[in-house]
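Mapping to the numbering used here: the sequence shown position 76 is 65, numbers consecutive. We put the beta carbon where it would ideally sit given N, CA and C, even for glycine.
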Amino acid sequence: MLIFPGLSGQGGYMSASQSPSASAAPPPASDPQLRDRVSAAFEKLATSASELNAVSDELAKPIHSIDATLQKLNLGVSAWVEVAGDRDWDTDRAWERSIGYGKVARTWGLAIRSSSGIAGEHVQEEVWRFNEAPRAYRLESLEKLPELLEKLAETANKTAAELKSKIAVTKQVATTIRQVAAIDRLRKR
-10 MLIFPGLSGQ GGYMSASQSP SASAAPPPAS DPQLRDRVSA AFEKLATSAS
40 ELNAVSDELA KPIHSIDATL QKLNLGVSAW VEVAGDRDWD TDRAWERSIG
90 YGKVARTWGL AIRSSSGIAG EHVQEEVWRF NEAPRAYRLE SLEKLPELLE
140 KLAETANKTA AELKSKIAVT KQVATTIRQV AAIDRLRKR
(Lines of atoms letter the chains of each structure in order from A and count residues from 1; the text may use other names and numbers.)
(Lines give C-alpha, C1' and ligand atoms only; values in the text may rest on other atoms or scores of the structure.)
Protein backbone atom coordinates (compact mmCIF):
# COMPACT_ATOMS: atom_id res chain seq x y z
CA MET A 1 0.00 0.00 0.00
CA LEU A 2 1.37 3.43 -0.96
CA ILE A 3 1.17 6.11 1.69
CA PHE A 4 1.48 9.85 1.36
CA PRO A 5 2.79 11.57 4.51
CA GLY A 6 0.96 14.63 5.74
CA LEU A 7 -1.86 14.58 3.21
CA SER A 8 -4.62 13.32 5.43
CA GLY A 9 -6.50 15.11 8.17
CA GLN A 10 -4.19 15.89 11.07
CA GLY A 11 -0.73 15.25 9.64
CA GLY A 12 -1.42 11.54 9.37
CA TYR A 13 -1.06 9.28 6.38
CA MET A 14 -3.32 8.71 3.41
CA SER A 15 -3.41 5.53 1.37
CA ALA A 16 -3.19 5.50 -2.43
CA SER A 17 -6.90 4.79 -2.60
CA GLN A 18 -7.52 8.00 -0.63
CA SER A 19 -5.14 10.13 -2.72
CA PRO A 20 -6.49 13.26 -4.33
CA SER A 21 -6.23 11.67 -7.80
CA ALA A 22 -8.20 8.62 -6.74
CA SER A 23 -11.31 10.70 -6.13
CA ALA A 24 -11.01 13.27 -8.90
CA ALA A 25 -13.05 16.40 -8.41
CA PRO A 26 -15.79 17.05 -10.94
CA PRO A 27 -14.78 19.34 -13.82
CA PRO A 28 -15.31 23.00 -13.08
CA ALA A 29 -18.50 24.54 -14.34
CA SER A 30 -18.17 26.18 -17.74
CA ASP A 31 -17.46 29.92 -17.47
CA PRO A 32 -18.77 31.67 -20.61
CA GLN A 33 -16.86 34.87 -19.84
CA LEU A 34 -13.57 32.97 -19.55
CA ARG A 35 -14.29 31.03 -22.75
CA ASP A 36 -15.09 34.26 -24.64
CA ARG A 37 -12.01 36.02 -23.25
CA VAL A 38 -9.66 33.15 -24.16
CA SER A 39 -11.26 32.78 -27.59
CA ALA A 40 -10.89 36.51 -28.37
CA ALA A 41 -7.30 36.58 -27.10
CA PHE A 42 -6.35 33.55 -29.17
CA GLU A 43 -7.90 35.04 -32.32
CA LYS A 44 -5.88 38.24 -31.77
CA LEU A 45 -2.76 36.15 -31.16
CA ALA A 46 -3.27 34.17 -34.38
CA THR A 47 -3.69 37.40 -36.38
CA SER A 48 -0.62 38.93 -34.71
CA ALA A 49 1.45 35.81 -35.36
CA SER A 50 0.48 35.82 -39.02
CA GLU A 51 1.47 39.48 -39.42
CA LEU A 52 4.68 39.00 -37.43
CA ASN A 53 5.72 36.06 -39.60
CA ALA A 54 4.94 37.95 -42.83
CA VAL A 55 6.94 41.01 -41.73
CA SER A 56 9.80 38.82 -40.52
CA ASP A 57 9.88 37.02 -43.88
CA GLU A 58 9.93 40.41 -45.64
CA LEU A 59 12.90 41.54 -43.50
CA ALA A 60 14.77 38.33 -44.31
CA LYS A 61 14.86 39.23 -48.03
CA PRO A 62 17.12 42.32 -47.85
CA ILE A 63 19.28 40.61 -45.20
CA HIS A 64 19.75 37.68 -47.58
CA SER A 65 20.65 40.14 -50.35
CA ILE A 66 23.23 41.89 -48.13
CA ASP A 67 24.65 38.49 -47.15
CA ALA A 68 24.95 37.35 -50.76
CA THR A 69 26.63 40.61 -51.79
CA LEU A 70 29.14 40.44 -48.94
CA GLN A 71 29.91 36.79 -49.71
CA LYS A 72 30.79 37.77 -53.31
CA LEU A 73 33.45 40.12 -51.92
CA ASN A 74 35.24 37.03 -50.53
CA LEU A 75 36.48 39.03 -47.53
CA GLY A 76 37.58 36.16 -45.33
CA VAL A 77 37.67 38.48 -42.30
CA SER A 78 35.20 38.89 -39.51
CA ALA A 79 34.09 41.96 -37.59
CA TRP A 80 31.65 42.54 -34.76
CA VAL A 81 29.83 45.59 -33.42
CA GLU A 82 28.27 45.65 -29.96
CA VAL A 83 24.52 46.16 -29.97
CA ALA A 84 23.78 45.87 -26.25
CA GLY A 85 25.62 44.86 -23.13
CA ASP A 86 26.46 45.54 -19.53
CA ARG A 87 29.06 44.72 -16.91
CA ASP A 88 28.86 44.53 -13.13
CA TRP A 89 32.26 45.82 -12.02
CA ASP A 90 31.80 44.38 -8.52
CA THR A 91 31.38 40.78 -9.72
CA ASP A 92 33.01 41.14 -13.16
CA ARG A 93 29.94 39.48 -14.71
CA ALA A 94 29.16 40.79 -18.17
CA TRP A 95 26.84 40.17 -21.09
CA GLU A 96 26.89 41.41 -24.66
CA ARG A 97 24.97 41.07 -27.90
CA SER A 98 26.67 41.92 -31.18
CA ILE A 99 25.97 41.95 -34.87
CA GLY A 100 28.78 40.79 -37.05
CA TYR A 101 30.07 39.19 -40.17
CA GLY A 102 31.85 35.90 -39.72
CA LYS A 103 31.88 32.20 -40.35
CA VAL A 104 28.87 30.47 -38.79
CA ALA A 105 28.25 26.79 -39.45
CA ARG A 106 31.03 26.80 -42.08
CA THR A 107 29.47 29.66 -44.07
CA TRP A 108 30.41 33.34 -44.09
CA GLY A 109 27.56 35.72 -43.43
CA LEU A 110 25.79 38.19 -41.19
CA ALA A 111 25.38 36.89 -37.68
CA ILE A 112 24.27 37.76 -34.18
CA ARG A 113 26.27 36.74 -31.13
CA SER A 114 25.16 36.64 -27.51
CA SER A 115 27.72 36.11 -24.76
CA SER A 116 27.71 36.22 -20.98
CA GLY A 117 29.94 35.24 -18.11
CA ILE A 118 32.73 36.45 -15.89
CA ALA A 119 35.22 38.62 -17.75
CA GLY A 120 38.52 36.86 -18.42
CA GLU A 121 37.07 33.45 -17.60
CA HIS A 122 34.88 30.98 -19.45
CA VAL A 123 32.24 32.94 -21.31
CA GLN A 124 29.13 31.30 -22.69
CA GLU A 125 28.54 32.27 -26.28
CA GLU A 126 25.81 31.56 -28.79
CA VAL A 127 26.03 32.60 -32.42
CA TRP A 128 23.24 32.53 -35.01
CA ARG A 129 23.10 33.35 -38.69
CA PHE A 130 21.24 36.66 -38.73
CA ASN A 131 17.91 35.36 -40.03
CA GLU A 132 17.96 32.49 -37.50
CA ALA A 133 18.52 34.65 -34.41
CA PRO A 134 15.67 35.50 -32.04
CA ARG A 135 13.49 38.24 -33.52
CA ALA A 136 14.17 40.63 -30.64
CA TYR A 137 17.93 40.36 -31.28
CA ARG A 138 17.47 40.95 -35.02
CA LEU A 139 15.30 43.99 -34.35
CA GLU A 140 17.80 45.64 -32.00
CA SER A 141 20.70 44.89 -34.39
CA LEU A 142 19.34 46.44 -37.57
CA GLU A 143 20.40 50.02 -36.82
CA LYS A 144 24.01 48.81 -36.42
CA LEU A 145 24.31 47.50 -40.00
CA PRO A 146 26.01 50.66 -41.36
CA GLU A 147 28.50 50.60 -38.46
CA LEU A 148 29.20 46.93 -39.17
CA LEU A 149 29.95 47.68 -42.83
CA GLU A 150 32.37 50.43 -41.74
CA LYS A 151 34.04 48.05 -39.29
CA LEU A 152 34.34 45.37 -41.99
CA ALA A 153 36.04 47.83 -44.36
CA GLU A 154 38.42 48.90 -41.56
CA THR A 155 39.21 45.26 -40.72
CA ALA A 156 39.74 44.35 -44.40
CA ASN A 157 42.11 47.32 -44.87
CA LYS A 158 44.06 46.49 -41.72
CA THR A 159 44.35 42.83 -42.75
CA ALA A 160 45.53 43.81 -46.25
CA ALA A 161 48.19 46.10 -44.75
CA GLU A 162 49.39 43.33 -42.42
CA LEU A 163 49.56 40.88 -45.32
CA LYS A 164 51.52 43.40 -47.44
CA SER A 165 54.03 43.85 -44.64
CA LYS A 166 54.65 40.08 -44.57
CA ILE A 167 55.15 39.64 -48.32
CA ALA A 168 58.83 40.64 -48.37
CA VAL A 169 59.72 38.32 -45.49
CA THR A 170 57.70 35.46 -46.99
CA LYS A 171 59.40 35.95 -50.39
CA GLN A 172 62.81 35.93 -48.69
CA VAL A 173 61.96 32.66 -46.88
CA ALA A 174 60.76 31.10 -50.14
CA THR A 175 63.89 32.21 -52.01
CA THR A 176 66.15 30.88 -49.26
CA ILE A 177 64.39 27.52 -49.20
CA ARG A 178 64.60 27.27 -52.99
CA GLN A 179 68.34 28.07 -52.91
CA VAL A 180 69.06 25.60 -50.10
CA ALA A 181 67.09 22.91 -51.89
CA ALA A 182 69.01 23.57 -55.14
CA ILE A 183 72.38 23.35 -53.31
CA ASP A 184 71.26 20.15 -51.61
CA ARG A 185 70.32 18.63 -54.98
CA LEU A 186 73.74 19.55 -56.41
CA ARG A 187 75.49 17.85 -53.48
CA LYS A 188 73.57 14.63 -54.02
CA ARG A 189 74.69 14.34 -57.65
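| Asked | Found |
| --- | --- |
| Residue(s) in a DSSP beta bridge with V99 | For clarity, residue 99 is Leu in the given sequence; the question names Val instead. BP columns for L99 point to Y90. |
| Whole-number beta carbon distance between L128 and V70, since they are thought to touch under 8 Å | At roughly 15 Å, the Cβ-Cβ gap does not stay under 8 Å, so V70 and L128 are not in contact. |
| Where the beta strand (DSSP E) through V112 begins and ends | V112 to R118 |
| Simplified DSSP state of A184, which is helix, strand or coil | Given a span of -10 to 178 for the chain in the structure shown, any question on residue 184 remains unanswerable. |
| Identity of the residues DSSP links to E85 by a beta bridge | G74 and S104 |
| Local conformation of A122 per DSSP, three classes | coil |
| Distance, V169 Cα to G98 Cα | 43 Å |
| Alpha-carbon spacing of E115 relative to D56, whole angstroms | 20 Å |
| Proximal residues to S105 (C-beta, below 6 Å), its chain only, five neighbours per side dropped | W84 and Q113 |
| Separation of N120 from V44, as counted between CA atoms | 12 Å |
| DSSP three-state assignment for G(-2), whether helix, strand or coil | Per-residue confidence for G(-2) stands at a pLDDT of 46, beneath the threshold of 50, marking its modelled position as unreliable; the derived number appears in the next sentence. If DSSP states are grouped into helix, strand and coil, G(-2) belongs with coil. |
| Inter-stretch contact (C-beta, 8 Å, three-pair minimum) for the region 73 to 93 and the region 133 to 147 | yes |
| P123 versus E143, E47, I172 and R102, residue with shortest Cα-Cα distance | R102 |
| Own chain, CB closer than 7 Å to V72, minus 5 neighbours either side, in chain order | R86, S87, I88, E129, S130 and K133 |
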